[in-house]
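Protein sequences, first through last, are from chains P and L. Take the first sequence: its position 73, counting from 1, is numbered 73 in our numbering, and each next residue is one higher. Basically our numbering = 1-based index in the second sequence + 588. Note that CB positions come from ideal geometry on N, CA and C, so glycine has one too.
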Amino acid sequence: MNIVLVGNPNVGKSVIFNALTGKYVTVSNYPGTTVEVAKGVGKFSGHTLSVIDTPGVNSLTAHSEDEKVTKDILSRSDISAIVQVADSKNMKRSLLLTLELMELNIPLVLNLNMSDEAKERGIKIDIKKLSEKLGIDVAETIAITGEGIPRLKEAILKARPARSFTAAVKAEDSKDAIALLNKRGKIADNLIKETMTTSRSLKRRVSEIIGRLTIRPLSGMPILFLVLTFMYLFVGKLAAGRGVDFFENILFGKYVNPAVAGLVDNFIHIGIIKEFLIGEYGIVTMAITYSLAIIFPIVTAFFLFFGVLEDSGYLPRLSILSDRIFKSIGLNGRAILPIILGLGCGTMATLTARILDTKKERILVTLLLTLAIPCSAQLGVIIGILGALSAKAAIIWLAAILFVMVVVGYTASRIIPGARSPFIQEIPPIRMPQISNIVTKTFARLKWYLKEAVPLFILGTIILFICDKTGVLRVIEYISRPVIVTLLGLPGKVTQVFILGFLRRDYGAAGLYALSKNGLIDGVQTVVSIVVITLFMPCIAQFFVTIKERGVKTACAIATFVFIFSFFFGGLLNFMLRYLIAHGVAAV
Amino acid sequence: MEHIQKIEEALSVVWEEREKGISGKDSLRASIIDKVKEDTLEDLAREGYITLNKDAVIFTRIGEIKAKDITRRQRLAERLLMDVLELSRKEMDSSACEFEHILSKEVEESICTLLAHPKECPHGLSIPPGDCCVKANGYLESIVVSVSKLNPGEAGKIVYVLTRGHPQLHKLMSLGVVPGTVITLHQVFPSFVIQVEETQLALEKELADEIYVKRLGRL
Numbered sequence: 001m002n003i004v005l006v007g008n009p010n011v012g013k014s015v016i017f018n019a020l021t022g023k024y025v026t027v028s029n030y031p032g033t034t035v036e037v038a039k040g041v042g043k044f045s046g047h048t049l050s051v052i053d054t055p056g057v058n059s060l061t062a063h064s065e066d067e068k069v070t071k072d073i074l075s076r077s078d079i080s081a082i083v084q085v086a087d088s089k090n091m092k093r094s095l096l097l098t099l100e101l102m103e104l105n106i107p108l109v110l111n112l113n114m115s116d117e118a119k120e121r122g123i124k125i126d127i128k129k130l131s132e133k134l135g136i137d138v139a140e141t142i143a144i145t146g147e148g149i150p151r152l153k154e155a156i157l158k159a160r161p162a163r164s165f166t167a168a169v170k171a172e173d174s175k176d177a178i179a180l181l182n183k184r185g186k187i188a189d190n191l192i193k194e195t196m197t198t199s200r201s202l203k204r205r206v207s208e209i210i211g212r213l214t215i216r217p218l219s220g221m222p223i224l225f226l227v228l229t230f231m232y233l234f235v236g237k238l239a240a241g242r243g244v245d246f247f248e249n250i251l252f253g254k255y256v257n258p259a260v261a262g263l264v265d266n267f268i269h270i271g272i273i274k275e276f277l278i279g280e281y282g283i284v285t286m287a288i289t290y291s292l293a294i295i296f297p298i299v300t301a302f303f304l305f306f307g308v309l310e311d312s313g314y315l316p317r318l319s320i321l322s323d324r325i326f327k328s329i330g331l332n333g334r335a336i337l338p339i340i341l342g343l344g345c346g347t348m349a350t351l352t353a354r355i356l357d358t359k360k361e362r363i364l365v366t367l368l369l370t371l372a373i374p375c376s377a378q379l380g381v382i383i384g385i386l387g388a389l390s391a392k393a394a395i396i397w398l399a400a401i402l403f404v405m406v407v408v409g410y411t412a413s414r415i416i417p418g419a420r421s422p423f424i425q426e427i428p429p430i431r432m433p434q435i436s437n438i439v440t441k442t443f444a445r446l447k448w449y450l451k452e453a454v455p456l457f458i459l460g461t462i463i464l465f466i467c468d469k470t471g472v473l474r475v476i477e478y479i480s481r482p483v484i485v486t487l488l489g490l491p492g493k494v495t496q497v498f499i500l501g502f503l504r505r506d507y508g509a510a511g512l513y514a515l516s517k518n519g520l521i522d523g524v525q526t527v528v529s530i531v532v533i534t535l536f537m538p539c540i541a542q543f544f545v546t547i548k549e550r551g552v553k554t555a556c557a558i559a560t561f562v563f564i565f566s567f568f569f570g571g572l573l574n575f576m577l578r579y580l581i582a583h584g585v586a587a588v
Numbered sequence: 589m590e591h592i593q594k595i596e597e598a599l600s601v602v603w604e605e606r607e608k609g610i611s612g613k614d615s616l617r618a619s620i621i622d623k624v625k626e627d628t629l630e631d632l633a634r635e636g637y638i639t640l641n642k643d644a645v646i647f648t649r650i651g652e653i654k655a656k657d658i659t660r661r662q663r664l665a666e667r668l669l670m671d672v673l674e675l676s677r678k679e680m681d682s683s684a685c686e687f688e689h690i691l692s693k694e695v696e697e698s699i700c701t702l703l704a705h706p707k708e709c710p711h712g713l714s715i716p717p718g719d720c721c722v723k724a725n726g727y728l729e730s731i732v733v734s735v736s737k738l739n740p741g742e743a744g745k746i747v748y749v750l751t752r753g754h755p756q757l758h759k760l761m762s763l764g765v766v767p768g769t770v771i772t773l774h775q776v777f778p779s780f781v782i783q784v785e786e787t788q789l790a791l792e793k794e795l796a797d798e799i800y801v802k803r804l805g806r807l
């Protein structure tokens with residue numbers, strides 16, 4: 001028996017899923033958090049049912065990829081019941097979808113979620129009457145507190161098919177489809193008239209006022225600036241500065257590494273194994289130190305901060321402020337969501353590109369994510385390096401990356417065929433983030449980071465170790481001399497950073513962090529190399545997701561372009577900075 | 589087709605050709621025959637609508653008014669059939685040419701006001717403005733306007749949504765932007781932000797232009 005959760009975007013399907021199955025899938029306050037289908041098992045008074053969570057849809061006429069995913073699931077034959085999770089304060093939209101789901105002739109339960117928010121707004125719904133009119137069970141819930149979940153489970157067990165008000169038409173006939181939508185609109189209006197009363201509460205909530213301030217340019221831009229500054233202070237200064245300092249110098253520098261070194265010295269007398277563990281390219285001294293001492297504190301801070309932003313409902317608001325800028329590079333404001341998520345994790349963000357409507361937009365966003373958007377771990381390390389260097393270096397880095405984004409985006413939008421879609425974005429209400437959800441979410445992401453990244457770090461170190469021992473490293477350094485030394489003006493040793501960067505960009509950045517800190521590269525060299533590592537290849541995971549989402553051809557084309565372009569642009573920047581310094585204009 | 593209808597059709601043909609810059613007698617005669625299956629060019633001249641000046645065809649004063657009138661009704665009818673009744677282009681072309689002959693002046697003005705004094709027919713040809721349009725431009729504001737014409741804070745009840753691009757229309761409708769729904773406009777820059785029930789939607793201007801509402805003022 002399969003139960004499918006369906007509903008409009010951002011109504012809390014994933015919270016209901018978590019409540020029914022006890023499994024955790026990411027929950028946020030913006031439409032499009034779920035882009036992949038999640039499955040779990042739930043216990044319903046003795047019965048065990050499998051539950052499927054789906055991406056939010058407004059109708060079953062599939063226009064974007066995430067809508068297709070949901071539509072495909074609903075056309076499977078092994079579904080025993082659909083649970084429509086609905087936002088109680090948006091009954092018309094909800095009922096439009098209910099009426100469409102009823103046409104499928106599958107047992108249906110209507111779950112009116114967020115009933116607390118509806119009550120706050122003075123909306124009263126006569127559940128019994130609505131259930132009678134629709135001929136299906138209607139269950140109210142407040143999913144985040146778990147209220148109403150037992151009653152919902154009961155309703156799911158006795159779900160029955162509804163007699164439909166309207167007959168489905170073939171979607172190809174768009175005129176009929178529109179007429180049908182109009183008809184559903186009228187039925188929904190009547191249902192609302194008969195079962196819902198609204199007493200407008202006159203007091204405007206504080207959250208509403210904050211919400212409005214964030215989307216007006218005059219107040220919105222300063223708020224954005226504050227948010228970014230706070231992020232720089234929290235992630236770049238506090239976590240990457242003090243946090244890393246504590247982990248790297250005190251915890252690892254004074255205790256872990258000497259202790260491991262002592263153990264190794266005492267018990268292992270074979271030189272090569274010793275080196276493999278604690279040498280220059282040792283598992284402990286390099287892989288574990290980089291991943292746990294440098295990157296771990298930084299991503300923890302970033303995930304916490306990001307979780308608060310996600311749950312507050314702030315992120316989609318940025319689409320309003322950025323719409324006009326994105327239009328100049330062939331996208332619209334909706335693209336801000338995958339781009340910002342890319343600052344969390346490029347791999348996840350590449351999946352989120354599905355919420356965009358046209359193929360062209362998805363390719364453009366994937367390209368920008370591969371090229372110019374650093375992921376949280378990498379960004380944190382970069383902020384850490386820049387924080388130690390100078391504000392001027394930070395500005396040069398930021399200006400270079402933004403410049404690349406606009407120029408490449410503008411050029412690519414003229415080369416890639418297709419059109420941009422019109423800008424329509426739902427803006428979720430501003431909510432007070434729940435600490436419990438942020439903690440759960442951060443833990444889930446950290447677990448994922450440790451599982452995904454640390455093994456790759458170890459693999460990268462092993463590769464470097466073998467290359468070093470066999471002399472291959474010197475051969476690679478020699479071959480890439482013209483690029484690394486002549487074009488970029490970097491010491492040959494930096495080559496190993498780019499080898500690490502193939503596996504994960506943050507690993508490469510962590511290598512730069514170590515080099516810069518030990519004074520092995522100067523200011524200009526640091527700026528040039530972090531610009532190159534920012535633009536450089538996506539990590540392996542992101543590359544595989546790009547293949548899966550955009551196809552091998554597009555993924556390879558993007559990767560080749562990015563590879564060549566990052567070195568070309570790095571060389572250009574190197575010569576420009578050197579030229580400026582030689583003429584006494586600037587020093588980094 | 590009755591004689592009066594044929595005359596009206598022929599007049600609209602002459603008007604349309606003039607918009608394209610064609611006034612030659614022979615090509616006009618050919619176009620009229622093509623449309624009404626009869627050569628009525630001489631009838632138009634005899635009834636005082638046009639004068640035949642050597643090779644060129646020129647409207648008389650009453651001819652000009654009559655032709656403008658019939659063209660206006662024809663194109664308004666097309667807009668009505670296409671936007672509100674959602675007929676396809678093909679169905680529309682066959683219905684509209686019957687429809688315009690029975691429109692009275694009052695009905696014509698109501699349709700024009702309902703449609704917010706449209707400037708173009710679905711084929712992209714301009715609709716000659718009537719008295720109601722001039723008034724609406726001068727001092728009277730139309731009751732039905734596009735969302736982009738509302739003032740921030742103002743509410744409106746959706747009357748219809750233009751059907752130019754089906755995918756985005758469908759998207760708007762499934763978000764609850766359907767005829768009969770009351771919306772409130774919150775802000776117009778950098779994007780339009782409207783409230784539908786308890787959902788806030790950000791839209792670009794091009795879409796706000798396509799949603800027509802009946803003004804309700806500040807709620």
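Ala796 of chain L - DSSP class collapsed to helix/strand/coil: Helix at Ala796 of chain L.
Three-state class that DSSP yields for Lys802 of chain L in the structure shown: Correct three-state label for Lys802 of chain L: strand.
Proximal residues to Ile144 of chain P (C-beta, below 7 angstroms), its chain only, five neighbours per side dropped: Hits under 7 angstroms: Val15, Gln434.
Any C-beta of chain P under 8 angstroms from that of Pro767 of chain L: It does: the Cβ of Pro767 of chain L has a partner Cβ on chain P nearer than 8 angstroms.
Touching by the beta-carbon criterion (3+ pairs, under 8 angstroms), the segment 799-806 of chain L and the segment 733-747 of chain L: A contact exists between the segment 799-806 of chain L and the segment 733-747 of chain L.
Residues, ordered as in the chain, of the segment 631-642 of chain L that lie near chain P by beta-carbon distance below 9 angstroms: The residues in question: there are none.
Expected contact under 8 angstroms - CB spacing of Ile215 of chain P and Leu321 of chain P to nearest Å: About 7 angstroms separates the two Cβ atoms, so the contact holds.
Anticipated Cβ contact below 8 angstroms, Val527 of chain P with Ala393 of chain P, distance rounded: Contact flag correct, Cβ pair sits at about 5 angstroms.
When L:Glu652, L:Val624, L:Ser692 are compared against Gly636 of chain L, the one with the closest alpha-carbon: Minimum Cα-Cα distance from Gly636 of chain L among the listed residues L:Glu652, L:Val624, L:Ser692 corresponds to L:Glu652.
Interface flag, Thr70 of chain P vs chain L, CB-CB below 8 angstroms: For Thr70 of chain P, the nearest beta carbon of chain L is not closer than 8 angstroms to its own beta carbon.
Euclidean distance between Cα positions of Leu402 of chain P and Leu369 of chain P: The straight-line gap from Cα to Cα measures roughly 13 angstroms.
Assigned secondary structure, Val57 of chain P (DSSP; H/G/I helix, E/B strand, else coil): Residue state, collapsed to three classes: coil.
Buried versus exposed, by CB contacts within 10 Å (16 or more), Arg334 of chain P: So Arg334 of chain P counts as buried.
Among P:Thr461, P:Ser45, P:Ala349, the one whose alpha carbon lies nearest that of Phe544 of chain P: The option with the nearest alpha carbon to Phe544 of chain P is P:Ala349.
Any C-beta of chain L under 8 angstroms from that of Leu425 of chain P: According to the sequence shown, residue 425 of chain P is Gln rather than Leu. Yes, because at least one Cβ of chain L sits closer than 8 angstroms to the Cβ of Gln425 of chain P.
Close Cβ partners of Ile799 of chain L (< 6 angstroms) along its chain, the five nearest in sequence each way excluded: Only residues of its own chain outside the window of five on either side were considered, and among them Val735, Val749 have a CB closer than 6 angstroms to the CB of Ile799 of chain L, listed in chain order.
Presumed contact (8 angstroms Cβ cut-off) between Gly718 of chain L and Glu697 of chain L, rounded CB distance: The Cβ separation is near 7 angstroms, so the contact holds.
For Pro422 of chain P, the nearest candidate out of L:Lys802, L:Val801, L:Ala790 (CA to CA): Measuring from the Cα of Pro422 of chain P, the nearest candidate turns out to be L:Ala790.
As assigned by DSSP and simplified to three states, the class of Tyr727 of chain L: The pLDDT assigned to Tyr727 of chain L is 44, lower than 50, so where the model puts this residue is not dependable, and the model offers no usable value.
Beta-carbon gap between Asn10 of chain P and Glu426 of chain P smaller than 8 angstroms: With contacts defined by Cβ atoms closer than 8 angstroms, Asn10 of chain P and Glu426 of chain P form a contacting pair.
C-beta contact flag for Cys539 of chain P and Arg505 of chain P at 8 angstroms: Yes, these two residues count as a Cβ contact at 8 angstroms.
Segment limits, alpha helix (DSSP H) that includes Leu599 of chain L: That run of the alpha helix (DSSP H) goes 591-607.
Inter-stretch contact (C-beta, 8 angstroms, three-pair minimum) for the segment 759-775 of chain L and the segment 400-415 of chain P: No, the segment 759-775 of chain L is not in contact with the segment 400-415 of chain P.
Backbone CA spacing between Phe303 of chain P and Ile373 of chain P [nearest angstrom]: Between Phe303 of chain P and Ile373 of chain P, the C-alpha separation is close to 16 angstroms.
3-residue-minimum beta strand (DSSP E) runs that sit fully inside the segment 187-240 of chain P, ordered along the chain: For the segment 187-240 of chain P, whole beta strand (DSSP E) runs of length 3 or above, ordered along the chain, are 196-198.
Cross-strand partners of Asn113 of chain P (DSSP beta bridge): For Asn113 of chain P, DSSP records a beta bridge to P:Asp87.
Delimiting residues of the beta strand (DSSP E) encompassing Phe780 of chain L: For Phe780 of chain L, the enclosing beta strand (DSSP E) covers residues 780-784.
Stretch-stretch touch, CB-based, cutoff 8 angstroms, three pairs: the segment 512-521 of chain P with the segment 542-558 of chain P: The segment 512-521 of chain P and the segment 542-558 of chain P do not touch, with fewer than 3 CB-CB distances between them shorter than 8 angstroms.
Neighbouring residues, chain P, relative to Pro778 of chain L (Cβ below 8 angstroms): The answer, in chain order, is Pro217, Ile320, Leu321, Asp323, Arg324.
CB contact check: Leu101 of chain P to chain L, cutoff 8 angstroms: For Leu101 of chain P, the answer is no, since every Cβ of chain L falls outside 8 angstroms of its Cβ.
Close-in-space but distant-in-sequence residues of the same chain around Leu573 of chain P (CB under 7 angstroms, 5 per side omitted): The answer, listed in chain order, is Ala400, Val528, Val531.
Option in P:Arg578, P:Arg242, P:Leu535, P:Lys441 with minimal Cα separation from Leu594 of chain P: Nothing about residue 594 of chain P can be read from this structure; chain P reaches only from 1 to 588.
Touch test, the segment 120-129 of chain P against the segment 153-169 of chain P, Cβ-Cβ under 8 angstroms, three pairs minimum: Counting Cβ pairs under 8 angstroms, fewer than three are found: no touch.
DSSP bridge partner residues for Lys43 of chain P (one or two, in chain order): P:Thr48.
Within chain L, partners of Asn182 of chain P - CB distance below 7 angstroms: Ordered by position in chain L, the residues that pass the 7 angstroms Cβ test against Asn182 of chain P are Val766, Pro767.
Among L:Trp603, L:Gln783, L:Arg663, L:Thr628, the one whose alpha carbon lies nearest that of Lys594 of chain L: Ranking the options by Cα distance to Lys594 of chain L, first place goes to L:Thr628.
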